[in-house]
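Peer 1: With the numbering used here applied, the sequence shown closes on residue 720, and no number is skipped along the way. The C-beta atom is built at its ideal place from N, Cα and C for all residues, glycine as well.
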Amino acid sequence: MQALMMDQPLLISSVLQHAARHHAGVEIVSRRVEGDIHRYTYAQCEARARQLASALQMHGMQSGDRIATLAWNGYRHMEIYYAVGGSGSVIHTINPRLHPDQIAWIVNHAEDRMMAFDATFLPIVQAIAKRCPTVSKWIFMAAADRIPADHGIENLVSYEDLLAQGSQAFTWPTFDETTAVGLCYTSGTTGNPKGALYSHRSSVLHAYAAALPDAMAASARDCILPVVPMFHVNAWGLPYTCPLVGAKLVMPGPALDGKSLYDLFEAEAVTYSAGVPTVWLGLLQYVQQNNLKFSTFRRTVIGGSACPPAMIKTFNDQFDVDVIHAWGMTEMSPLGTLCRLQNKHLALPHEAQRKLLEKQGHVVYGVDMKIVDDDGKEIAWDGKTYGNLLVRGPWVVKSYFRADGGDPLVYDEQGRGWFPTGDVATIDEDGYMQITDRSKDVIKSGGEWISSIDLENLAMAHPAVANAAVIGVAHPKWDERPLLVVVKKPGQEVGREQILSFYEGKIAKWWTPDDVQFVEAIPLGATGKILKTKLREAFKDYRLPSADV
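1. Using a Cβ distance threshold of 8 Å, determine whether the region 471-486 contacts the region 444-462, with at least three qualifying pairs required.
2. What would DSSP say about aspartate 428, mapped onto helix, strand or coil?
3. How would you write the range of the beta strand (DSSP E) that histidine 646 sits in, first residue to last?
4. Between the region 400-413 and the region 381-388, are three or more C-beta pairs nearer than 8 Å?
5. Name, in chain order, the residues that DSSP records as bridge partners for arginine 202.
6. Count the other C-beta atoms from every protein chain shown that fall within 10 angstroms of the C-beta of methionine 249, then say buried if there are 16 or more, exposed otherwise.
7. Would you tell me roughly how many angstroms separate the C-alpha atoms of leucine 732 and leucine 519, rounded to the nearest one?
8. Do you know offhand how far glycine 699's Cα is from glutamate 529's?
9. Between the region 195-214 and the region 414-427, do at least 3 Cβ pairs fall closer than 8 Å?
10. Please say whether glutamate 691 and valine 658 have beta carbons closer to each other than 8 Å?
11. Measuring only the C-alpha atoms, how far is arginine 284 from lysine 705?
12. Let me make sure I understand the geometry here. Which of Tyr557, Asp578, Ala679 has the alpha-carbon closest to that of serine 616?
13. Please confirm whether arginine 470 and aspartate 493 have their CB atoms less than 8 Å apart.
14. Among residues of its own chain, excluding the 5 on either side of serine 736, which ones have a beta-carbon nearer than 6 Å to its beta-carbon?
15. I need the boundaries of the beta strand (DSSP E) containing serine 616, first residue and last residue.
16. Grouping DSSP H, G and I as helix and E and B as strand, with all else coil, what is lysine 365?
17. What three-state label does DSSP hand cysteine 355 in the structure shown?
18. Pick helix, strand or coil for tryptophan 451, following the three-state DSSP scheme.
19. Leucine 187 and valine 375: beta carbons closer than 8 Å?
20. Measuring alpha carbon to alpha carbon, tell me which of Ala335, Gly499, Thr345 ends up nearest glycine 593.
21. Once you ignore the five residues that flank lysine 430 on each side, which residues in its own chain have a CB closer than 7 Å to its CB?
22. For a minimum of 3 consecutive residues, which ranges assigned as the beta strand (DSSP E) are wholly contained in the region 206-241?
23. Mapping the DSSP letters down to three states, classify methionine 540 as helix, strand or coil.
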């Protein structure tokens, strides 16, 4: 028997339509790349998004086309999100902090038809434009008078000129909710990056789940400033969650330093934010050095890398800000767990509550998880025994874009697919998960991924290097930084500065190892693989020079 309910697909255009109709006067405030503050309403945002969708279709955008962005958090980026996705095309956000070679590879792999970019990233576009044959139009995200005369890019148009060609009479189309809406690439820690292709259904369900009281607890009473970039897994879904609940949205643009963020927090009465630990370290340092307090800021989600317990304590004790520790990944859209207390925990002593809140947290509805041993057998939830973390749910990928890497899932006895996260974790009796290690040898610095394999391959290309390995070493600011361990070729003399200078121009600058250590030999396993566990043990007490800065 079929139910007798309206058949209305879950489409992201309906989220912005809802905000425009039922929260019409709520503001979206943006610090622009131009330097000024822009403000308008959800109603105006939705109207401009429709106009942009019309203009993009006039210029050849079709259903399923990938439209890329290299952009900060701002109102134009928000409009592109909805104009592209709401039309049935795919919004493809790219991390501009990657090396231009990596960006070009990603653009070509996705076969992007157009790219919109902020003025900040003009040099990147100038470096890659001729290497991206599928891109037929480059959209400079500003008015025409901001475009340098000597830009040298064919088929370049200003955002505002393009927008003016469209019509606000455009109406959002209706189509199957499983249609693709967004594409985000992983950081490519093992080989080339892989694309996670999200659907309208998965994105709307994720936005609903994020707003739940025991998740992000977003509401129309909030003023939310996502510090996490819109190119980091769609700013953790906040461009969808904020209009869904009618929250005021504040976009920081390119100014992510402590002073700029604090000024915006205070000027716009921000109540809620989200970002990686590195950003909060800079903000905390600024407010502490200047003896400042937050007038309205009371909650923040911290993820991307583990939040140091000292940071949680500082936010709570000195600034009356609750930290919601969260965990997820690109393949999960990204939310998996968030750490909030349950009723049974309210009677616990304060320190016991704080210890619990340091964990990555409890799943939200829509995500299931388990830990298994190397044979795939499920491990007990006792908070002590650790295993490989697997997840499943309606916003978890079942395969990668273009089927890269084959079928990534592992299957249980019931034939259900589970996604292997690559993390090692414990889960306690109440279902609270804590990451204890990572099975991959990736380095996570300030919430960004660094591939040890790429760094090793480059080091091995140096004529004086016989063998090389890269491991992550603890750092007080960045969580981890890469340490390069080198074996020199017999008779060769090479120093630290020569090795590090060899990386210049080949990788993003912030990927460069912080130090080099020369050794006689690197431990190898029976198959010739580097035993990084032994390297980590050997350098467990090592302190990077930059750790003292």
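Peer 2: If we stick to the structure as given:
1. yes
2. coil
3. 636-646
4. yes
5. Ile208
6. buried
7. The structure shown has nothing for residue 732, since the chain only spans 172 to 720.
8. Since pLDDT at glycine 699 reaches only 49, below the 50 mark, its modelled position is unreliable, and the value read off the structure follows with that caveat. So the alpha carbons of these two residues sit roughly 38 Å apart.
9. yes
10. yes
11. 47 Å
12. Ala679
13. yes
14. With the chain represented from 172 up to 720, any question about residue 736 goes unanswered, as that position is not in the structure.
15. 614-616
16. coil
17. strand
18. helix
19. no
20. Gly499
21. Tyr457
22. 208-212, 237-241
23. strand
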